[in-house]
Amino acid sequence: MPQTLPIGAVLTAEELAERLADTATQALIDEARLSPKPGLVDSRSSGAHQDLNLDLMVRSAHSLTPTFYALALHSWQRPADIALRQDIGRLGRAGEAQMMVETGGVNTHRGAIWAMGLLVSAVAMQPESLLPQHIAQRAAKIAALPDVFSPKKFSKGSHAVQRYQVPGAREEAQGGFPHIIDCALPQLHRSRSRGASESEAQVDALLAVMTRLTDTCVLSRGGLPALHAMHQGAQAVLAAGGMHSVAGRQQLRRLERRMLADNVSPGGAADLLAATLFLDSVSEPHTIRIN
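Counting the sequence shown from 1 gives a position; our numbering is that position plus 2.
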């Protein structure tokens, strides 16, 4: 089971920021190392990627620790207002620039900076309220605010959102991360309760997201046919019993073959899995007392 912030711990702003930064970084590393993940970098291979590998993903995660620390510190007990939204945007863009330096210009965690950064900030805003739904709701309030300093440039994900008229990462956050709250976390807990190992439960949580998410990483590389194949394949794995069953693992291998043939990687789902692992680590009935 993932470590949690200590029950009843008295934490200063700096101490909480350090804990949250370490937890967020570890969630990114745990997601990267988790295996088997169809189409994604994991401890076996680079999946459908030519420019990514596990070592690069881990180095990228470590490069973001100072960003998560700064986000938590700047969000400490602040209300969700435009000033905070602009601070979060500025710190997130600085973190992305540092990540790009570390990776030599390869986009390893751009989407994760957005999702994880919002959730780290949301915890720091009100650290005595750690139910996942409450954290996600606070993150949604931040995401709904404008940031006039955000550069008006289009990513592959935003191009896919426009082309296919589907929700993307921004809408996911503004909606309170429904694929985390309604899909990934319930599946994670359900699989654990059924006797799955931690890695099996985490892969099941990833698959739960993949059954429904309009993953713009998949859309931008494989279009709607690849997205529909991902949805159907992930549903087949879970319907067969998930990773704790022989039939489920057979279905996963079938899904992986299809995704590699389509040359697609569910990067959006991976970002949400990392965010799920973060929320799972800091939430539930745990409380943090603050000075």
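Cβ coordinates follow ideal geometry from the N, Cα and C atoms, glycine included.
Can the beta-carbon of alanine 29 be found closer than 8 Å to that of alanine 276?
Within the sequence shown, residue 29 is the residue found at index 27, counting from 1. Within the sequence shown, residue 276 is the residue found at index 274, counting from 1. Closer than 8 Å, so yes.
Can you tell me which of Glu130, Asp32 and Asn265 puts its alpha carbon nearest to the alpha carbon of glutamine 52?
For this step, residue 52 is matched to residue 50 along the sequence shown. When each option's Cα is compared against that of glutamine 52, the closest is Asn265.
Would the region 138–152 count as touching the region 193–213 if we require 3 or more Cβ pairs under 8 Å?
no
Starting from the C-beta of alanine 19, find all residues in its chain whose C-beta is less than 6 Å away, skip the five residues before and the five after it, and write them out in chain order.
Locating residue 19 in the sequence shown gives position 17, where the first residue counts as 1. Hits under 6 Å: Tyr71, Ala74 and Leu75.
Under three-state DSSP, which class holds threonine 27?
Taking the sequence shown and counting its residues from 1, one reaches residue 27 at position 25. Three-state result, threonine 27: helix.
Cβ distance (whole Å) where glycine 244 is taken to contact phenylalanine 151 below 8 Å
Taking the sequence shown and counting its residues from 1, one reaches residue 244 at position 242. Taking the sequence shown and counting its residues from 1, one reaches residue 151 at position 149. No, glycine 244 and phenylalanine 151 are not in contact; Cβ-Cβ is about 43 Å, not under 8 Å.
Considering only the beta carbon of each residue, do histidine 181 and leucine 254 sit closer than 8 Å?
Counted from its first residue, the sequence shown places residue 181 at position 179. Counted from its first residue, the sequence shown places residue 254 at position 252. In this structure, leucine 254 does not lie closer than 8 Å to histidine 181 by Cβ.
Quick one: give me the first and last residue of the alpha helix (DSSP H) that methionine 127 is part of.
Translated into the one-based positions of the sequence shown, residue 127 becomes position 125. Start and end: 112–127.
Classify glycine 107 as buried or exposed, calling it buried when 16 or more other Cβ atoms lie within 10 Å of its own Cβ.
For the purposes of this step, residue 107 is taken as the residue at position 105 of the sequence shown. Exposed: under 16 other Cβ atoms inside 10 Å.
Rounded distance between the beta-carbons of threonine 216 and valine 168, thought under 8 Å
One-based indexing of the sequence shown puts residue 168 at position 166. One-based indexing of the sequence shown puts residue 216 at position 214. At roughly 4 Å, the Cβ-Cβ gap stays under 8 Å, so valine 168 and threonine 216 are in contact.
Cβ shell of arginine 46 (< 7 Å), same chain only, five flanking positions each side left out:
Taking the first residue of the sequence shown as 1, we reach residue 46 at position 44. Correct list, in chain order: Ser37 and Pro38.
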